[in-house]
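Novice:
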Amino acid sequence: MTVLQANLLWVVKRFPDHKANLLQLSRENRNFKIICDDYRRCSEALKKWRQSASETASARSQEYADLLQELELEIIELLNETDEKKFPRGMDRPG
Numbered sequence: 615m616t617v618l619q620a621n622l623l624w625v626v627k628r629f630p631d632h633k634a635n636l637l638q639l640s641r642e643n644r645n646f647k648i649i650c651d652d653y654r655r656c657s658e659a660l661k662k663w664r665q666s667a668s669e670t671a672s673a674r675s676q677e678y679a680d681l682l683q684e685l686e687l688e689i690i691e692l693l694n695e696t697d698e699k700k701f702p703r704g705m706d707r708p709g
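Convert by adding 614 to the 1-based position in the sequence shown; the result is the number in this note's numbering.
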């Protein structure tokens with residue numbers, strides 16, 4: 615498994631209904647690849663801080679939770695852009 619695939623897996627686990635679009639983004643969008651790497655790193659750090667007994671663990675956990683939420687919003691934005699390219703306004707989506 616490549617680094618990109620490992621990073622993408624974290625995002626696909628979070629947004630399983632969008633797997634096809636996520637795979638497309640991973641092939642076509644360099645910024646998305648960076649976001650996937652950031653998402654994986656942030657998720658791992660959040661897990662670490664949530665398990666930590668450190669005095670700063672709560673604050674760090676909140677920082678990483680906030681960052682993770684921002685990354686998720688960026689991913690949603692990219693998914694919306696991808697969807698809009700496939701189905702411009704006024705065009706019916708299949709389903």
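Idealized CB from N, CA, C, for every residue including glycine.
All values derive from a computational prediction rather than experimental measurement.
Kindly provide the ranges of any alpha helix (DSSP H) runs that are 4 or more residues long and lie completely inside the segment 620-691, ordered along the chain.
Specialist: 633-642 and 644-665, all fully within the segment 620-691.
Novice: Alpha carbon to alpha carbon, how far is residue 638 from residue 625? Give it in angstroms, no decimals.
Specialist: Stepping through the sequence shown from its first residue, residue 625 is reached at position 11. Stepping through the sequence shown from its first residue, residue 638 is reached at position 24. Rounded to the nearest angstrom, the two C-alpha atoms are 13 Å apart.
Novice: Just checking, does the segment 636-654 make contact with the segment 681-699 on the three C-beta pairs under 8 Å criterion?
Specialist: yes
Novice: Residue 696 and residue 635 - do their beta-carbons sit closer together than 8 Å?
Specialist: Reading the sequence shown from its first residue, position 21 is the one you call residue 635. Reading the sequence shown from its first residue, position 82 is the one you call residue 696. Yes.
Novice: Output the distance between the C-alpha atoms of residue 682 and residue 657, rounded to the nearest integer angstrom.
Specialist: Position 68 of the sequence shown, counted from the first residue, corresponds to residue 682. Position 43 of the sequence shown, counted from the first residue, corresponds to residue 657. Each residue's Cα considered, the two are about 7 Å apart.
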